[in-house]
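Quick note on this note's numbering: the sequence shown kicks off at 3 and runs consecutively. Backbone N, C-alpha and C define an ideal beta-carbon position, used for all residues, glycine too. None of these values were measured; they are calculated from a predicted model. What follows is a short report on a single structure.
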Amino acid sequence: MNASAVAAELARRAEAVCRRYLPHGRRQGRYWVAGDLDGARGRSLYVRL
Numbered sequence: 003m004n005a006s007a008v009a010a011e012l013a014r015r016a017e018a019v020c021r022r023y024l025p026h027g028r029r030q031g032r033y034w035v036a037g038d039l040d041g042a043r044g045r046s047l048y049v050r051l
């Protein structure tokens, strides 16, 4: 699997990845919003879905 295939698969599963690794976050429009990488609640970290 090459890098572009990995990127495409990750893009397809972006919300599921965020739910797994940032479980206290939530979807807000086109973004997953969380407190930080350690799982804190808040809105400091944005991941574009």
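Closest to residue i by C-alpha separation, out of the options, would be which residue?
i	options	result
P25	A7, D38, S6, M3	D38
Grab me the residues of residue i's own chain with a C-beta within less than 7 angstroms of its C-beta, minus the 5 sequence neighbours each way, in chain order.
i	result
G27	C20, W34, V35, A36
S46	G37, D38
Contact check, residue i vs residue j under 8 angstroms by CB: the rounded distance?
i	j	result
R50	R32	6 angstroms
Looking only at its own chain, which residues have a Cβ that is under 6 angstroms from the Cβ of residue i, when we skip the five neighbours before and after it?
i	result
Y48	Y33, V35
A16	L51
Which residues in the same chain as residue i place their Cβ atom closer than 8 angstroms to its Cβ, once the five residues preceding and following it in sequence are excluded?
i	result
L12	V19
G41	L24, P25, H26
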